[in-house]
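Before any comments, here is the structure.
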Amino acid sequence: MKLLSNMAVVLTCLASLVRPATLTYQMDLKGQGQVAKEKKNEEILTPLTDAEQQLNPREILLGQPDFVADLELFVSEGVGAYSWAERIARKGNRYREESQFWIFVGEIGKTSVRIYSEGKVYDDMLPPRGASADGGLLNLRALALKSNVTFAALGTVLIDGRKCVKIEAVQEGNPNKTYLYAASDLKNLIIVAQVLAPKSEDVHSLRFVGSVERLRNISLDVADTLVEIPPGLKSIQHDKWTKVESAKVTYKNKPSMDFGVFRAPEGELFIWIRDAYYPWQYIYRPQEKTVEIAFQGLLVNRSGDYIWKTKENVAFSLPGYQRPSGSTVDTHVIVKPNSIRFRSGSYERDNAMIEVSW
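Adding 75 to a residue's 1-based position in the sequence shown gives its number in this note's numbering.
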């Protein structure tokens, strides 16, 4: 079975639904030109039976069963694309995401905990994971609860020998269309989710074209321990940063009206300026007298929210910031007893100096 997309790259990905899984996808402009030829591969839907016509698509999404499966995700962005795979599980309102790079568990749409098995520690100061918070296959309930989304069962189709009801979801004001495939033999578990953007003649820009989520190796038997923090692990150490309440910031010799400054235990400063040419975040290292571009999520509150998005005056971070990242912006920082002055991260464009005083 092949599902029809408005871009050849999405077609290529969807065609993999009946072939062994692969996580290497390619897209080029020549491929996009094959859309017309791909139309012969359009899926053929079987009309719904009388019993299937009685199904309520919204109720199907609200009543999704627990599961554990391999997830493959592919996203096309016009001139580029990316993909990844991980093992995911959902039991009740809890979830797990595991790949060769990470393990996360938590409560869907609320909490997120990263597990570091080798160090026998975990980090619980994280925001909700995207897949569990935004209505992906782990949280289709979020989509079902949107009052401005209408659902329609279009017919049935076979995917890997499984009879699936194809459901179309259309959100008011959103031109993208979502197609969900509910497997009848898996208590109507959605095993494929496809999102398609309207067709565009612009094939040279970075833009969302389409995405596909696909479950394989599925089981409906999920152990409680799979979605919980393993016993014996300890909470990882966080450094506490405090807001410099007396701080003032100027950008191009003009006072900033949207900024923040936090100080670490050893004197490092985390600085952000939202009304600059570009809203970089910076770290000032007093011992080295250097300034670096910082990860925007370096400092968080206890709930894992980026501190610059809050009004709180206490923040936390992992101790990794103590090692220079190598992204030095200015090694000639002008240091005075109660101020520093350095070049902005966009200095080549804005020719701006930033001064922080306290």
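All C-beta atoms in this analysis are idealised placements derived from N, C-alpha and C, irrespective of residue type, glycine included.
Bear in mind the structure is a predicted one, so any value in this text is a computation, not a measurement.
For the beta strand (DSSP E) that residue i lies in, which residues bound it at each end?
i: R189; result: 187-191
i: A164; result: 156-166
i: E172; result: 169-173
i: K178; result: The residue asked about is misnamed: residue 178 is Ile in this sequence, not Lys. Segment 178-182, the beta strand (DSSP E) holding I178.
i: E147; result: 142-151
i: K229; result: Just to set this straight, residue 229 is Leu in the shown sequence, not Lys. L229 -> beta strand (DSSP E) spans 224-234.
i: K411; result: 409-411
Might you give, ordered along the chain, the residues of its own chain that have their beta carbon closer than 6 Å to the beta carbon of residue i, omitting 5 neighbours on each side?
i: H407; result: none
i: P394; result: D314
i: R171; result: A164, V180, L301, V302
i: P361; result: G342
i: N168; result: E182, I183
i: N251; result: V270, A272
i: V47; result: The question about residue 47 has no answer here: the residues shown for the chain are numbered 76 through 433.
i: I311; result: V196, D198
Which same chain residues, not among the five before or five after residue i, have their C-beta less than 8 Å away from its C-beta?
i: V375; result: M200, L201, P202, Y381, I382, A390, F391, S392
i: S421; result: A351, Y352, Y353, W355, A427
i: S321; result: W433
i: F142; result: A164, R165, L261, L264, L290, I293, S294, L295, V297
i: N223; result: Q246, E247, G248
i: T385; result: N376
i: D299; result: K166
i: E127; result: A228, T231, V240
i: K309; result: K195, V196, Y197
Can you give me the C-alpha to C-alpha distance between residue i and residue j, rounded to a whole angstrom?
i: L271; j: A228; result: 17 Å
i: T225; j: E118; result: 22 Å
i: G335; j: F417; result: 16 Å
i: S151; j: I190; result: 30 Å
i: E134; j: V319; result: 51 Å
i: Q175; j: P122; result: 42 Å
i: Y396; j: L148; result: 31 Å
i: I304; j: V284; result: 37 Å
i: P306; j: D198; result: 14 Å
i: W159; j: P412; result: 49 Å
i: G401; j: K238; result: 53 Å
i: V404; j: G379; result: 27 Å
i: V297; j: T124; result: 31 Å
i: L264; j: L218; result: 15 Å
i: P451; j: T317; result: Missing from the structure shown is residue 451; the chain here goes from 76 to 433 and no further.
i: D333; j: W347; result: 8 Å
i: S419; j: I429; result: 6 Å
i: A339; j: L137; result: 45 Å
i: G153; j: V287; result: 15 Å
i: V188; j: R398; result: 24 Å
i: K327; j: K221; result: 45 Å
i: K329; j: K323; result: 11 Å
i: T325; j: W177; result: 40 Å
i: I415; j: S331; result: 15 Å
i: N131; j: Y157; result: 34 Å
i: E387; j: F337; result: 11 Å
i: T186; j: G211; result: 16 Å
i: A144; j: L215; result: 15 Å
Which residue or residues does DSSP assign as beta-bridge partners of residue i?
i: K309; result: V196
i: S365; result: With the sequence shown as reference, residue 365 is identified as Thr, and Ser is not the correct amino acid for it. R360, per the DSSP bridge assignment.
i: M428; result: R418
i: V404; result: None, per the DSSP bridge assignment.
i: S392; result: D314
i: P330; result: T325
i: V240; result: T231, A257
i: V375; result: Y381, F391
i: T121; result: T231
i: L201; result: S187
For residue i, which residues from the same chain have a beta carbon less than 7 Å from its beta carbon, with the 5 sequence-adjacent residues on both sides left out?
i: A369; result: F345, Q356, Y357, I358
i: R424; result: Y352
i: E161; result: L146, E172, E173, S174
i: L120; result: L229, G230, T231, V232, K241
i: K112; result: In this prediction, K112 scores a pLDDT of 39, lower than 50, which makes its location untrustworthy; the coordinate-derived value is nonetheless stated afterwards. Answer for K112: no residue qualifies.
i: S244; result: As written in the sequence, residue 244 is Ala, which differs from the Ser given in the question. Taken in chain order, the residues that qualify are L218, V224, F226, T253, L255.
Looking at the secondary structure, which residues open and close the alpha helix (DSSP H) in which residue i lies?
i: I135; result: 132-137
i: E127; result: 125-128
i: R216; result: 215-219
Checklist entry - Which runs of the beta strand (DSSP E), 3 residues or longer, sit entirely within the segment 243-296? => result Scanning the segment 243-296 from its first residue to its last, the whole beta strand (DSSP E) runs of 3-plus residues come out as 252-258, 264-271, 285-294.
Checklist entry - Counting only runs that start and end within the segment 333-359, where is the beta strand (DSSP E) found for 3 or more residues in a row? => result Taken in chain order, the whole beta strand (DSSP E) runs of length 3 or more contained in the segment 333-359 are 334-338, 344-348.
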